[in-house]
Amino acid sequence: MKLNKGLIWASALLCCSSQAVADIAALNDAAHKMCEKSKMCAKQQMAAAGDLPPGMEAMMTNALEEMCKQYTVIAQVGEGHEIVEPATDCLNSLASMSCDQLMNSDGETAACQRYEAIAEKY
């Protein structure tokens, strides 16, 4: 009987651990999607603006890379942290917006408001 209880506990721990890893993977995926969406939208805006002065495109590319680092900082919280799911939802909600919506909004989706409310505790 003790063996069965041990297997049940081990299975429960494995399940919880694999869920936490899946949550972190989903957060990293959402951060990557948001990064790519931001790059795409910025490049569309640059193309619409016409000829850029020399060096401006490189400067914008560097700025975009720095912005992407911010998304990955969000994605570096610990497994099982209460902010993982809200952060994932926020990034996914932003990445699902059109470029026009994304560039002309304040980023206040319902999911991001939820994330911000939880993040304020930290």
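Letter by letter, the sequence shown follows residues -22 to -1, 1 to 100 in mature numbering (1 follows the signal peptide of the UniProt record, and there is no 0). From the three backbone atoms N, C-alpha and C, an ideal C-beta is built for every residue, glycine too.
How would you call residue i, buried or exposed, if buried means at least 16 neighbouring beta carbons within 10 angstroms?
i     : result
Tyr93 : buried
Ser83 : exposed
Leu30 : exposed
Pro64 : buried
Tyr89 : The question names Tyr, but residue 89 is Ala in the sequence shown. So Ala89 ends up on the buried side.
Going by DSSP in three states, residue i sits in which element: helix, strand or coil?
i     : result
His10 : helix
Glu98 : coil
Met81 : helix
Got a sec? Which residues, its chain only, sit under 8 Å from residue i by beta carbon, not counting five neighbours each side?
i     : result
Cys19 : Cys77, Leu80, Met81
Measure how close the beta-carbons of residue i and residue j come, nearest whole angstrom, since I'm counting them as under 8 Å.
i     : j     : result
Met45 : Ser16 : 6 Å
Met61 : Ala97 : It is worth fixing the name first, because residue 61 is Ile in this sequence and not Met. Yes, they are in contact, since the Cβ atoms of Ile61 and Ala97 sit about 6 Å apart, within 8 Å.
Leu5  : Thr66 : 5 Å
Leu72 : Met12 : 6 Å
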